[in-house]
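For the record, the sequence lines run as chains A and B.
Okay, so the first sequence: first residue is 1 according to the UniProt record's numbering, each after it adds one.
Okay, so the second sequence: first residue is 1 according to the UniProt record's numbering, each after it adds one.
Input: a single structure, listed below in structure tokens.
Protein chains: 2
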Amino acid sequence: MENKREIFHVLTRRFGLLDKNCCSVGSFEISTIQSHILYEIDRQHEPSMQQIAQILTMDITTFSRQIQTLVNMDLVKKTPSSQDKRVSILSLSVQGKFVATSIDHAMNVYLDEVFSHMDENEREMVIRSIKLLNEAMSKSSVCCTPLY
Amino acid sequence: MENKREIFHVLTRRFGLLDKNCCSVGSFEISTIQSHILYEIDRQHEPSMQQIAQILTMDITTFSRQIQTLVNMDLVKKTPSSQDKRVSILSLSVQGKFVATSIDHAMNVYLDEVFSHMDENEREMVIRSIKLLNEAMSKSSVCCTPLY
DNA sequence: ATGAATACTTGCAATTTGCAAGTAAATAAT
DNA sequence: ATTATTTACTTGCAAATTGCAAGTATTCAT
């Protein structure tokens, strides 16, 4: 029987390391969490604070302060919702979009390099496997609240 | 072309979340980093502080203090090396071994549950893919030095 | 024997964290 | 219509975590 945890542990530590090192773009020093925040704001449609905080399973107060930092860095904009004045709609500034895109690009460059060590069949298999795994994880009842 | 980053991001966030939630065993409150430290001490043969800190890419001073905490919790033992009195050999206490094993078990239970949503062929494919990926990542020259 | 390198520890100051308590707006109850 | 409750977010504060600089102790190099 395989020790599944081991191989997953190695994988996620490596990826986490990449996540950690990827995040300085130009003069911006971006922490891992901040890059994840930018990533999620970019993905979602007019997200509120709550929404992003929940996706990232962050305490809302911690999140609030991280957003303040990102607003001060002029990477994120906060717009009060017209429907509900309590909620702030988050969006990326032009600079924020640039940073998010740069990080995304860097990550994909890295992943392409990783995949270059495989042949075409292997590449396809791996991609298919990760997708399968994501589906299976989202079906799981054991861990965590589903992310998407 | 796939957006590789997206599917990897989802995967590693989910796994990270699991890592975060898994770690309270009995009366022990274990943080994610601490569980990784226990895991690596268990894996390695008579590791020094440096060794584990490097594997986990942690600052040695931060690591030193984390180890102090784990020693105080009676989960880790520090034995001065007989060959070199500067180095401390790390090992798990009986309790530490128990905690590490419990976490490992919990993770594998979760992973088994995840894999139960697949058929046997898929399971094999996924395991093979993760291994392939780990190999490819270890060959990569790009990762883990700052990208910009 | 002396200087440089290595393995680790401590001082300190900055950052990050999460709970408790706050404000303000929307919804429900009377 | 007024009051109470819930929701969305912010601030106070105290504890924990971090990393650099500077320290000690041991080993290696010359």
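C-beta: ideal position from N, C-alpha, C; glycine also.
Everything numeric in this text was worked out from a predicted model, so none of it was measured.
Fill in: Opposing strand residues paired with Thr79 of chain B [DSSP bridges]
The residue you call residue 79 of chain B lines up with position 79 of the second sequence. DSSP lists B:Ile89 as partners of Thr79 of chain B.
Worksheet item: How about the region 126-134 of chain B and the region 122-139 of chain A: do they share at least three Cβ pairs that are nearer than 8 Å?
Response: yes
Item to complete: Answer with yes or no whether the minimum CB distance from Leu92 of chain B to chain A is below 7 Å.
Response: The residue you call residue 92 of chain B lines up with position 92 of the second sequence. Taking Cβ atoms only, chain A never reaches closer than 7 Å to Leu92 of chain B, which makes this a no.
Item to complete: Compare the C-beta of Phe15 of chain B with all C-beta atoms of chain A and state if any pair is closer than 7 Å.
Response: For this step, residue 15 of chain B is matched to residue 15 along the second sequence. So, interface residue.
Discussion item. So Leu75 of chain A and Pro47 of chain A are supposed to be a Cβ contact under 8 Å. How far apart are they, rounded?
Written reply: On the first sequence, position 75 is the one that residue 75 of chain A refers to. On the first sequence, position 47 is the one that residue 47 of chain A refers to. At roughly 15 Å, the Cβ-Cβ gap does not stay under 8 Å, so Leu75 of chain A and Pro47 of chain A are not in contact.
Discussion item. For the ligand HEM, is there any heavy atom lying closer than 6 Å to the beta carbon of Lys20 of chain B?
Written reply: For the ligand HEM, the structure offers nothing, since it holds no ligand at all.
Worksheet item: Is the region 29-40 of chain B touching the region 93-106 of chain B, taking contact as three or more C-beta pairs under 8 Å?
Response: yes
Worksheet item: Nearest to Phe8 of chain A by alpha carbon, out of B:Ser141, B:Lys139, B:Asn134 and B:Ser140?
Response: Taking the first sequence and counting its residues from 1, one reaches residue 8 of chain A at position 8. Nearest of B:Ser141, B:Lys139, B:Asn134 and B:Ser140 to Phe8 of chain A, Cα basis: B:Asn134.
Worksheet item: Are the C-beta atoms of Val99 of chain A and some chain B residue less than 7 Å apart?
Response: By one-based count along the first sequence, residue 99 of chain A stands at place 99. It does not; no Cβ of chain B falls within 7 Å.
Discussion item. Here's the rule: buried if 16 or more other CB atoms are within 10 angstroms of the residue's CB, otherwise exposed. What is Pro146 of chain B?
Written reply: For the purposes of this step, residue 146 of chain B is identified with residue 146 of the second sequence, where counting begins at 1. A caution first: Pro146 of chain B carries a pLDDT of 33, below 50, which makes its placement in the model unreliable, though a value can still be read off. Result: exposed.
Discussion item. Using only CA atoms, which one of A:Phe115, A:Met137 and A:Gln44 lies nearest to Tyr110 of chain B?
Written reply: By one-based count along the second sequence, residue 110 of chain B stands at place 110. Residue A:Met137 is the option with its Cα nearest to Tyr110 of chain B.
Worksheet item: For Gln83 of chain B, does the count of other Cβ atoms within 10 angstroms reach 16, so buried, or fall short, so exposed?
Response: Looking up residue 83 of chain B in the second sequence gives position 83. Exposed, because fewer than 16 other Cβ atoms sit within 10 Å of the Cβ of Gln83 of chain B.
Discussion item. DSSP three-state label for Ser35 of chain B, please.
Written reply: In the second sequence, residue 35 of chain B corresponds to position 35, counting from 1. Of the three classes helix, strand and coil, the one that applies to Ser35 of chain B here is helix, per DSSP.
Item to complete: Less than 8 Å between the CB atoms is what I'm expecting for Gln34 of chain A and Leu70 of chain A, so what's the real figure, rounded?
Response: For this step, residue 34 of chain A is matched to residue 34 along the first sequence. For this step, residue 70 of chain A is matched to residue 70 along the first sequence. So it is a contact: roughly 6 Å between Cβ atoms.
Practice prompt. Have a look at Asp42 of chain A and Asp104 of chain A and give me their C-alpha separation to the nearest angstrom.
Written response: Looking up residue 42 of chain A in the first sequence gives position 42. Looking up residue 104 of chain A in the first sequence gives position 104. For Asp42 of chain A and Asp104 of chain A, the distance between alpha carbons rounds to 11 Å.
Discussion item. Less than 7 Å between CB atoms is the rule here; does Leu11 of chain B satisfy it with respect to chain A?
Written reply: Within the second sequence, residue 11 of chain B is the residue found at index 11, counting from 1. So yes, Leu11 of chain B belongs to the interface.
Item to complete: Determine the contact status of Asn108 of chain A and Arg5 of chain B, defining contact as a CB-CB distance below 7 Å.
Response: On the first sequence, residue 108 of chain A is found 108 positions in, with the first residue counted as 1. On the second sequence, residue 5 of chain B is found 5 positions in, with the first residue counted as 1. Yes, these two residues count as a Cβ contact at 7 Å.
Worksheet item: When the Cβ atoms of the region 11-18 of chain B are set against those of the region 11-20 of chain A, are three or more pairs found closer than 8 Å?
Response: yes
Worksheet entry | Unbroken alpha helix (DSSP H) run spanning Leu133 of chain B, endpoints | Position 133 of the second sequence, counted from the first residue, corresponds to residue 133 of chain B. Its alpha helix (DSSP H) spans residues Glu120 to Lys139.
Worksheet entry | Beta-bridge partners of Ser48 of chain B, as assigned by DSSP | Along the second sequence, read from residue 1 onward, the residue named residue 48 of chain B stands at position 48. DSSP, once it has assigned bridges, lists B:Ile89 as partnering Ser48 of chain B.
Worksheet item: What are the residues that DSSP puts in a beta bridge with Val25 of chain B?
Response: Here residue 25 of chain B refers to the residue found at position 25 of the second sequence. Beta-bridge pairing links Val25 of chain B to B:Phe28.
Discussion item. Is the beta carbon of Lys78 of chain B closer than 7 Å to that of Ser93 of chain B?
Written reply: Against the second sequence, residue 93 of chain B aligns to sequence position 93. Against the second sequence, residue 78 of chain B aligns to sequence position 78. Going by C-beta atoms, Ser93 of chain B is not nearer than 7 Å to Lys78 of chain B.
Worksheet item: Helix, strand or coil for Leu147 of chain B per DSSP?
Response: Residue numbering aside, residue 147 of chain B sits at position 147 when the second sequence is read from its first letter. Because the pLDDT of Leu147 of chain B is 30, which lies under 50, any placement of that residue in the model is unreliable, and the number read from its coordinates should be weighed accordingly. Here Leu147 of chain B sits in coil by DSSP.
Worksheet entry | Range of the contiguous alpha helix (DSSP H) that encloses Ser64 of chain A | Counting from one through the first sequence, the residue named residue 64 of chain A turns up at place 64. Run containing Ser64 of chain A: Ile60 to Asn72, per the alpha helix (DSSP H) assignment.
Worksheet item: Quick one: is Gly26 of chain A buried, meaning 16 or more other Cβ sit within 10 Å of its Cβ, or exposed?
Response: Counted from its first residue, the first sequence places residue 26 of chain A at position 26. So Gly26 of chain A ends up on the exposed side.
Practice prompt. Go ahead and label Ile60 of chain A buried or exposed: buried means 16 or more other beta carbons lie within 10 angstroms of its beta carbon, across all protein chains shown.
Written response: The residue labelled residue 60 of chain A in the question sits at position 60 within the first sequence. Looking at its Cβ environment, which holds fewer than 16 other Cβ atoms inside 10 Å, Ile60 of chain A is exposed.
Worksheet item: Is the beta carbon of Ser140 of chain B sitting closer than 7 Å to the one on Val114 of chain A?
Response: Reading the second sequence from its first residue, position 140 is the one you call residue 140 of chain B. Reading the first sequence from its first residue, position 114 is the one you call residue 114 of chain A. Yes; because the gap between Cβ atoms is below 7 Å, this pair is in contact.
Discussion item. Let me check understanding here. Comparing Cα to Cα, which of B:Val87, B:Met58, B:Met73 and B:Ala53 lies closest to Gly96 of chain B?
Written reply: The residue you call residue 96 of chain B lines up with position 96 of the second sequence. Nearest option by C-alpha distance: B:Met73.
Item to complete: May I have the straight-line CA-CA distance separating Ser64 of chain A from Val87 of chain B, to the nearest angstrom?
Response: As a first step, residue 64 of chain A must be located in the first sequence, where it is residue number 64. As a first step, residue 87 of chain B must be located in the second sequence, where it is residue number 87. Whole-angstrom Cα-Cα distance: 43 Å.
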